[in-house]
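**Student:** First the structure, then my questions, so here it is.
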Amino acid sequence: MLINISLIYLGLSLLCLGMDKHYKAVFQKNISRVFKNFSKFTGSLLLIISLIFLIKSIGISLGITYWIGILTPEIIFIALILTYKTKMFIPLSIFLLLLFFILNFL
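Read in full-length UniProt numbering, the sequence shown has 60 at position 60, and its numbers run on one by one without any break.
This is the structure:
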């Protein structure tokens, strides 16, 4: 389950960084077309992979329900971080991803 949370968080983060406004707010420079396309494609792919993992592990009805249930608070969390603590987005994302991966293997 923590791997799915990590994949969804990473996918949403990449989708957010694929937008000009959020990329410029986090990195203080303009986004390149290559990174924009890469982050949107990779973010979408990670979200699809996390949905497939949940469907394969617990079935289609509960998998989709859990996926939406995980997706909703993560969207709110990322939106709040990008709105109020933009400079903390990258360090906090790295910390959370490392924490999720470490907790998954314990």
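The C-beta atom is built at its ideal place from N, Cα and C for all residues, glycine as well. These numbers come from a predicted model, not from an experiment.
Which stretch, first to last residue, makes up the alpha helix (DSSP H) that contains Asn104?
**Tutor:** Here the alpha helix (DSSP H) through Asn104 covers Phe89 to Asn104.
**Student:** Smallest Cα separation from Val34: which of Leu46, Met19, Val26 and Leu47?
**Tutor:** Met19
**Student:** Buried or exposed: Asn4, going by 16 or more other Cβ atoms within 10 Å of its Cβ?
**Tutor:** buried
**Student:** First and last residue of the alpha helix (DSSP H) that includes Asn37?
**Tutor:** That run of the alpha helix (DSSP H) goes Arg33 to Ile58.
**Student:** When burial is assigned at 16 or more other CB atoms within 10 Å of the CB, is residue 149 buried or exposed?
**Tutor:** In the structure as shown, the chain starts at 1 and stops at 106, and residue 149 therefore has no counterpart that could be examined.
**Student:** Less than 7 Å between the C-beta atoms of Leu15 and Gly59, yes or no?
**Tutor:** no
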